[in-house]
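Asker:
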Amino acid sequence: MVADVYAIMQCKSYFVQDILVEANVEYTPSSNSDSRDDIKFDYAIGKNPELLSFMITLSLEINSLKTKFKDSRYHLKLTLLSVFDFPPDTNLEEIKAKLEPNGLAMSYSIARGIIGDVTANALHGRYILPTVNFMKVIEQNHKKKEAKRIKRY
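Mapping of the sequence shown onto numbering that gives the first Met the number 0: residues 0 to 152, in sequence order.
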């Protein structure tokens with residue numbers, strides 16, 4: 000394979016920090032159970048000071064509220080750590096443009112596979128995380144950080 004087909008940002012490794020799968024033993028499919036699951040996201044980005052290496056911590060929780068869980072198949076929780084590297088000559092603007100949207104999308108894809116695999120043998124069968132608009136997630140996260148920054152002063 001020709002080296003120039005590789006993306007500049009590479010996912011070097013990933014780790015599950017914690018995972019929870021709780022099946023709702025009282026769940027029965029009904030006309031009410033097709034409502035959307037309640038999904039909460041959070042993420043943080045850290046940098047290795049000596050390298051162009053970054054870690055994205057992606058935390059997600061599905062149906063954490065008892066009211067949502069009672070009508071759902073599962074309560075799920077996952078914290079995933081993903082490590083991304085850039086070549087040493089990569090400029091800061093390129094890193095800023097690629098890391099957050101691409102790193103989140105890649106981390107979420109990894110999380111989808113993990114959740115799908117873990118629930119494949121669970122009581123109600125495989126759970127597939129829904130597709131997410133990460134541009135909106137990023138925008139909301141930036142607004143939340145800006146609001147916190149403004150409140151401090």
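All C-beta atoms in this analysis are idealised placements derived from N, C-alpha and C, irrespective of residue type, glycine included.
In this structure, does DSSP put residue 36 in helix, strand or coil?
Answerer: Indexing the sequence shown from 1 puts residue 36 at position 37. In this structure, residue 36 counts as coil in the three-state DSSP scheme.
Asker: When you compare only the Cα positions, how much space is there between residue 45 and residue 23?
Answerer: One-based indexing of the sequence shown puts residue 45 at position 46. One-based indexing of the sequence shown puts residue 23 at position 24. Cα to Cα, residue 45 sits roughly 35 Å from residue 23.
Asker: By Cβ distance, which residues of its chain are closer than 6 Å to residue 12, with the 5 residues on each side in sequence left out?
Answerer: Within the sequence shown, numbered from 1, the residue matching residue 12 stands at position 13. Taken in chain order, the residues that qualify are 82.
Asker: Who are the Cβ neighbours of residue 68 in its own chain at under 7 Å, not counting the five residues just before and after it?
Answerer: The sequence position of residue 68 within the sequence shown is 69, counting from 1. Excluding sequence neighbours, residue 68 sits near 23, 62, 74.
Asker: My understanding is that residue 56 touches residue 43, with C-beta atoms under 8 Å, so please give their C-beta distance in whole angstroms.
Answerer: Reading the sequence shown from its first residue, position 57 is the one you call residue 56. Reading the sequence shown from its first residue, position 44 is the one you call residue 43. Confirmed, about 5 Å.
Asker: Since residue 136 and residue 103 should fall inside the 8 Å C-beta cutoff, what is the C-beta to C-beta distance between them, to a whole number of angstroms?
Answerer: Here residue 136 is taken as the residue at index 137 of the sequence shown, counted from 1. Here residue 103 is taken as the residue at index 104 of the sequence shown, counted from 1. Right, the Cβ-Cβ distance comes to about 7 Å (below 8 Å), so this counts as a contact.
Asker: Under DSSP, the alpha helix (DSSP H) around residue 61 begins and ends at which residues?
Answerer: For the purposes of this step, residue 61 is taken as residue 62 along the sequence shown, with counting starting at 1. Counting along the chain, residue 61 falls outside any alpha helix (DSSP H), though it belongs to the beta strand (DSSP E) covering 52 to 61.
Asker: What is the rounded straight-line gap between the Cα of residue 122 and the Cα of residue 106?
Answerer: Translated into positions along the sequence shown, residue 122 becomes position 123. Translated into positions along the sequence shown, residue 106 becomes position 107. Taking the straight line from one Cα to the other gives about 26 Å.
Asker: How would you label residue 50, buried or exposed, when you count the other beta carbons within 10 angstroms and need 16 or more for buried?
Answerer: Along the sequence shown, one-based indexing puts residue 50 at 51. Counting Cβ neighbours within 10 Å, residue 50 comes out exposed, since fewer than 16 surround it.
Asker: From residue 117 to residue 7, what distance separates their C-alpha atoms?
Answerer: Position 118 of the sequence shown, counted from the first residue, corresponds to residue 117. Position 8 of the sequence shown, counted from the first residue, corresponds to residue 7. In a straight line, the C-alpha of residue 117 is about 31 Å away from that of residue 7.
Asker: From residue 96 to residue 36, what distance separates their C-alpha atoms?
Answerer: Here residue 96 is taken as the residue at index 97 of the sequence shown, counted from 1. Here residue 36 is taken as the residue at index 37 of the sequence shown, counted from 1. So the alpha carbons of these two residues sit roughly 31 Å apart.
Asker: Identify whether residue 120 lies in helix, strand or coil by the three-state DSSP scheme.
Answerer: The residue given as residue 120 occupies position 121 in the sequence shown. The answer is coil: DSSP assigns residue 120 none of H, G, I, E or B.
Asker: Do residue 79 and residue 60 have their CB atoms nearer than 9 Å?
Answerer: Walking along the sequence shown from the start, residue 79 turns up at place 80. Walking along the sequence shown from the start, residue 60 turns up at place 61. Cβ distance not < 9 Å, so residue 79 and residue 60 don't count as in contact.
Asker: Between residue 33 and residue 130, what straight-line distance do the alpha-carbon atoms span, to the nearest angstrom?
Answerer: As a working note, residue 33 is residue 34 in the sequence shown. As a working note, residue 130 is residue 131 in the sequence shown. Residue confidence for residue 33 is low, a pLDDT of 48 falling below 50, so the modelled location carries little weight and cannot support an answer.
Asker: Pick helix, strand or coil for residue 78, following the three-state DSSP scheme.
Answerer: Within the sequence shown, the letter at position 79 stands for residue 78. Three-state result, residue 78: strand.
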